[in-house]
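Residue numbers (this note's numbering), protein chains in the order written: chain A, 159 to 418; chain B, 662 to 1032; chain C, 8 to 586.
Glycine included, C-beta positions come from ideal geometry on N, C-alpha and C.
Because the structure is a prediction, the values reported are computed rather than measured.
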Amino acid sequence: MYLDLSHLKKRFSEKEVVQDLSLSLERGQLLCILGSSGCGKTTTLNMIGGFLTPDGGRILLDGQDITHMPPEQRPVTTVFQSYGLFPHMTVLQNVIYGLKFRAYSKAQAREKGAEYLRLVGLEGYENARIYEISGGQQQRVALARALIVEPKLCLLDEPFSNLDAALRVKMRQELKKLQRDLGMTMVFVTHDQEEALILADYMAIMEKGRLVQYGTPLDIYHQPADSFVSGFLGLDDLLWQPDGSVWKVVKKEVKGESPC
Amino acid sequence: MKRKLLPLLLALSMVLALAACGGGQSAATPTPEATPSAAPSAAPTPEADPTPEPAPALSGTMKVVATSEDYVALFDVFTQETGVKVELLSMSSGEVLSKLRAEGGTPSADLWFGGGIDAFMSAKEDGLLEQVTFDASADLADTYKDADGYWFSKGITIVGFLVNDALAQELSLTAPASWADLTKPEYAGEIIMSNPAVSGTNYAVVNALLQTLGDEEGWTYFEALNENIAYYGKRGSDPLNKTGAGEYAIGISYIDRGVEAQAQEKGLTIVYPSDGIPWVPEGVAVFKNAENVEAAKYFVEWLFSSDENLRMLADIDKKDGAKLVKPSLEGVELGYDTGILMKEDLSLFGSQRTEILERFETLMGDKAADE
Amino acid sequence: MNKHGTSAPPPRPQGGGDRCGSAGKGASLDALFRLFGRGADKLVLLTLLGLVCLFVLVPIVFIVLRSFRGADGLTLEFYQTVWQQYRDNLWNSVFVGVCTAVLCTLFSVAAALFLATRQRWGKLLCMAILLITMVSPPFVSSLAYIQLYGRRGWITHRLLGLSWNPYNCWGVILMQSISFVPLNALFLNGMLEKLDTGSLQAARDLGAKPAAILRDVVLPLLGPGILVSLLLSFVRSLADFGTPVIIGGRFSTIASEIYLQLVGYSNLEKAAAMNLFLLLPSIAAFFVYRALMRQTDRLAQAGRSRQEALQLPLRRCGAAGVLILAVSLLFFLAMVLQYGCIFLSGFLRSSREGYVFTTQYLKQLFTYDRSTMLRSVGYALIVSLAGTLLAMLFSYYMERRRVPGRHFFDCLVTLPYMIPGTCFGIGYILAFNHPPLKLTGTAVIVLANMLFKQLPTTTKICSAALAQVPTSLERAVRDLGGGQWSVLRDVIFPGLRPAFLSCFVYNFSSSMTTAGAILFLISPGRKLAVFKLFDAVQVGEYATASLIATTIIVLVLAVEGSVYALTTLGARRPAPKRS
């Protein structure tokens, strides 16, 4: 397995936030961790990113134990919920910041930066200031900044939660395409089931620090582990494409009974 | 618009004033001007309408600016005898003069007590002092009082050297015996004096030496001395304090019994220069247009008419100069022979001040620029 | 209920009971404001602007006029002599100002970073040192410097056996730098606490080591604060006369020469001209500051304060980290030594044999100067309350209301910050020594001088706090039927609550410790502690001076502590219980 979490545990004072979490992911796949707030999904992400040290368990990435590696040494990057863009730098400076620590000349870095800005559709914005561009554009800058260093794994922490509905749908499609094109392995944390079902190759559903179900969206659709999962996902409302991936989620007008 | 605003502002400032007194006065003695509009039966307050009123000559409060707060004992006696309350504030004579000039003829104090006579002379020239005449002034030596009665002297300050024994030994310096000695190269960087602009005593040194040596030789002397001066303190007490703390070996300072006591305690030797002691009278004057001129005038008379009061003053001052001011004074004896005092024409102190200080400033500046 | 019911402007005729009476004070003020309507609002504004004109503009105009007043008519002679005579001093002033600004900012940044990265006890200790040393009575720090590092200094001479000359421009620069640090460091620490952790995490995530995070993220984000520190230190240094007077030796700046003009030559005209001369670099610095602040304002993030320490291990920050650690430790050590020296000096008597412990000065102080101390506290309290209120109102009218000429008033209010205190004091005497505005000799002149000297800083604090209050709240109040007074009472004042404490603390400690402005305004019978302190320094009674300084520090901390306790306890309300 490319990414392998085994028996991860984390507690804050008395509360066990993550309890014995194990899951694994193939290279080039996108994993969505889905759950309501406080379920431990962001804590899990922070342990993979290196911002929190697990109290127990192990994280393997590409055969390397990274459990205790500081974030700056991990071949993992994160797109933060609040983006964490540097307000004192231009768009381009933001995007190529990570290259400073990876044997790139200034010219090379610029060239690559321009390439990734093109990739996320921000050509011509090189010298714009962060506070001059829109929220969606800021999101793309954060994405380009995380991807440009070609990490082995890219983490996304509810990246679309600050965007309006229409933009969110658009960004979703772009992200999925980008991930496919680059063959990037990603872990995506969200509380939005629609987002998870559309984006995910694999889904992990968490509740109160536990992994409730893990599998492809199709598996989970066909065999929800329990009433919580099916209720949480509202599985009746999915439209599927012939290739088996989710095409659309239809919001019901009237709240129906959850199928058991 | 402005017209409407003014009464409002006044009202506001009144409120502030009252609040201020309430806040600050919990333990202080009540000041009369704190209640400007209250109690019309009380003695006329200084801020009350200045129209002539047959009030008792002495009343209210006399505000005094003095060189030290130690005089409070003397003024307490005055209060007991006359019923005039006294408020004392210590200020250097330069500060007093600046404040006087800024106040433009409406001084906030009544009596000026102590400080180098040159400042008093300038104030007289600017028309800031009140003429005082009283019978006993005839007993005062002419040298030490203004012929027109604008200022009097309460004593004189004499100048000598202070030598820090321990430091002198460490640097293997012998104590200088005369003004001439001070220019010897061995003392380079070890002498401290105050800026003559700030210190009446050190101004007396400059003026007296210039008078004694003559202009040309005098200035040559100060140029030579300048080479040895570490720096010119901006406070009159610097030479005493810096030699006392052992920071510099030699200080040019005023000498009185207080200094003698400190010298004892801190291991300083006092040197009275063999080629003459510069001296300067310490002035007493009444401010023109002051709120309580009468009390201040009476104080001057009260002080100089009574030997007892002068003795008390000499005691507080820790020096005997009062004997020179009033030769008939008994119970105070001079601790030194008047013969060693330099011959000084005091009238030149005032008239030459600006010119001398300007020249001295250039002289000091040359050294400062070298650094 | 219909929401328009309350917004109907004309008071509805009430049949029987008078409802206003039962609603308390707020309501009666409301009623007053309703009665006068817009008039009351205008009246407050005009009073405010009138006060500013009277107590800032008028004295400055008088100083300016005086500088042109020759023996017969207008003259430029003072400017000519000043330019010829004091060019070197101006250069000295600017040199010291620049060096102090740089050095002080270096110290401040280091101390702030050190403080921000400490945990619990370390943080508490550093904070305590900064808060204590922020109360900086004039002159005594310089005396302590001589005491510790002078030719016979406890450290340089007794401990290290050195004998060197401490009286030069480097001593001045060092002392000024150190004494301006606490305020700057606390200000920068406030910025660090609000720093967006996202940027730090992102940089780390992208592979930045601590040194790189410091260089690429933390310091640039501190940029505006560093700028503020640089410029304010520069201006403060230009106006400071106490330090060069005491430890400058032969070195003198314009400010110390102005002091000399006033106490030595009593030449007001020349002193006034020199002041305006000094104003040039100050105003230049101020405009640079304004221009740069406008640009960098956008960088400032309205983040919430963190309580936990900044995640930035200084020890792993390379050379810069080592420098920060070394500088900040040195700074805190110097502060402990300096204040320890001040505290100790009040109880030591030097004699031929060495130092003897004594409480004689303490007894003297408590016998003769209790009333002076109490008066100081009283004045400081008045200035703090009135000054804070004035600053709140002023910032509200300037920031939120399109008052005509607000830029002019904004600049006007800042001027006293740039003028050396002695000169501002002289301006007050010149302006207020004649009827109908004869204030010389009263308490009002002293109080007003302190208040308006401090107003530049407190209005800045209030404006910054106001920026955090959304305008939508004001609109909401107006929309629901509240008038201007309701806006002030229900939105502006509550929104300025955090600023209140800062303003109060600043006003109070400044009022207790600034000497320059009031040296010439104090009248007999109204002595203040700082004046007493100045007097003791002048006469050379260092023990008394140190003791007064210590008392001032203790008093300031005690009063500020109680105000802090009162406001925070008052603000803490029982949390709503959840079922």
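Practice prompt. Grab me the residues of residue 835/B's own chain with a C-beta within less than 8 Å of its C-beta, minus the 5 sequence neighbours each way, in chain order.
Written response: 829
Item to complete: Reducing DSSP to helix, strand and coil, say where residue 750/B ends up.
Response: strand
Worksheet item: Who are the neighbours of residue 299/C on chain A, taking C-beta pairs under 7 Å?
Response: The contacting residues do not exist; residue 299/C stays about 13 Å from chain A at best.
Worksheet item: If you compare alpha carbons, which of 551/C, 522/C, 376/C, 417/C is closest to residue 355/C?
Response: 551/C
Worksheet item: Within this structure, are the beta carbons of residue 241/C and residue 108/C separated by less than 7 Å?
Response: yes
Worksheet item: How is the beta strand (DSSP E) around residue 821/B delimited, first residue to last?
Response: 813-825
Practice prompt. Flag residue 232/C as yes if its beta-carbon sits less than 7 Å from any beta-carbon of chain A, otherwise no.
Written response: no
Worksheet item: CA-CA distance, residue 555/C and residue 366/C?
Response: 13 Å
Discussion item. Three Cβ pairs or more, each shorter than 8 Å: is that satisfied between the segment 773-783 of chain B and the segment 537-549 of chain C?
Written reply: no
Worksheet item: Just curious, the alpha helix (DSSP H) that residue 418/C is in, first and last residue?
Response: 413-425
Worksheet item: Using the beta-carbon count (16 or more within 10 Å), is residue 289/A buried or exposed?
Response: exposed
Fill in: Beta-bridge pairing of residue 478/C - partner residues as DSSP gives them
For residue 478/C, which the question treats as bridged, DSSP gives no partner whatsoever.
Discussion item. Cβ closer than 8 Å: which chain C residues qualify as neighbours of residue 240/A?
Written reply: 203, 205
Item to complete: To the nearest angstrom, report how far apart residue 792/B and residue 952/B are at their CA atoms.
Response: 15 Å
Worksheet item: Taking C-beta to C-beta, are residue 217/A and residue 347/A nearer than 7 Å?
Response: no
Worksheet item: Taking the alpha-carbon positions, what's the residue 884/B to residue 1024/B distance?
Response: 7 Å
Item to complete: Count the other CB atoms, across all protein chains shown, that sit within 10 Å of the CB of residue 380/A; report buried if there are 16 or more and exposed otherwise.
Response: exposed
Worksheet entry | Runs of alpha helix (DSSP H) lying entirely within the segment 859-909 of chain B, each at least 4 residues, in chain order | 861-874, 876-889, 899-905
Worksheet item: Does the Cβ of residue 1008/B have 16 or more other Cβ atoms within 10 Å, making it buried, or fewer, making it exposed?
Response: exposed
Item to complete: Check the Cβ-Cβ distances between residue 1073/B and every residue of chain C, and say whether any is below 7 Å.
Response: Residue 1073/B lies beyond the stretch modelled for chain B, which goes from 662 to 1032, so this question has no answer here.
Discussion item. For a test of the three-state rule: what should DSSP assign to residue 371/A, helix, strand or coil?
Written reply: strand
Worksheet entry | Minimum C-alpha distance to residue 345/A - residue among 169/A, 166/A, 200/A | 200/A
Discussion item. Three Cβ pairs or more, each shorter than 8 Å: is that satisfied between the segment 507-523 of chain C and the segment 558-573 of chain C?
Written reply: yes
Practice prompt. Classify residue 216/A as helix, strand or coil using the three-state DSSP reduction.
Written response: strand
Worksheet item: From residue 435/C to residue 525/C, what distance separates their C-alpha atoms?
Response: 10 Å
Item to complete: Over the uninterrupted alpha helix (DSSP H) stretch that includes residue 519/C, give me the two end residues.
Response: 504-520
Worksheet item: Which chain C residues sit within Cβ distance under 7 Å of residue 892/B?
Response: 174, 256, 257
Worksheet item: Just by C-beta distance, which residues in the segment 937-966 of chain B are closer than 7 Å to chain C?
Response: none
Worksheet entry | Where the alpha helix (DSSP H) through residue 229/C begins and ends | 226-246
Worksheet item: Whose Cβ in chain D lies nearer than 7 Å to the Cβ of residue 246/A?
Response: In the displayed structure, chain D is absent; the protein chains listed are A, B and C.
Worksheet item: Helix, strand or coil: how does DSSP classify residue 987/B here?
Response: coil
Discussion item. Counting only beta-carbon separations shorter than 7 Å, does residue 317/A have a partner in chain C?
Written reply: no
Worksheet item: Going along the chain, which residues of its own chain have a beta-carbon closer than 6 Å to the beta-carbon of residue 178/C, five neighbours each way excluded?
Response: 254
Item to complete: Compare the Cα-Cα distances from residue 441/C to each of 730/B, 733/B, 767/B and report the closest residue.
Response: 767/B
Discussion item. Looking at the secondary structure, which residues open and close the alpha helix (DSSP H) in which residue 149/C lies?
Written reply: 147-156
Fill in: Exposure label - residue 165/A; buried when at least 16 CB within 10 Å
exposed
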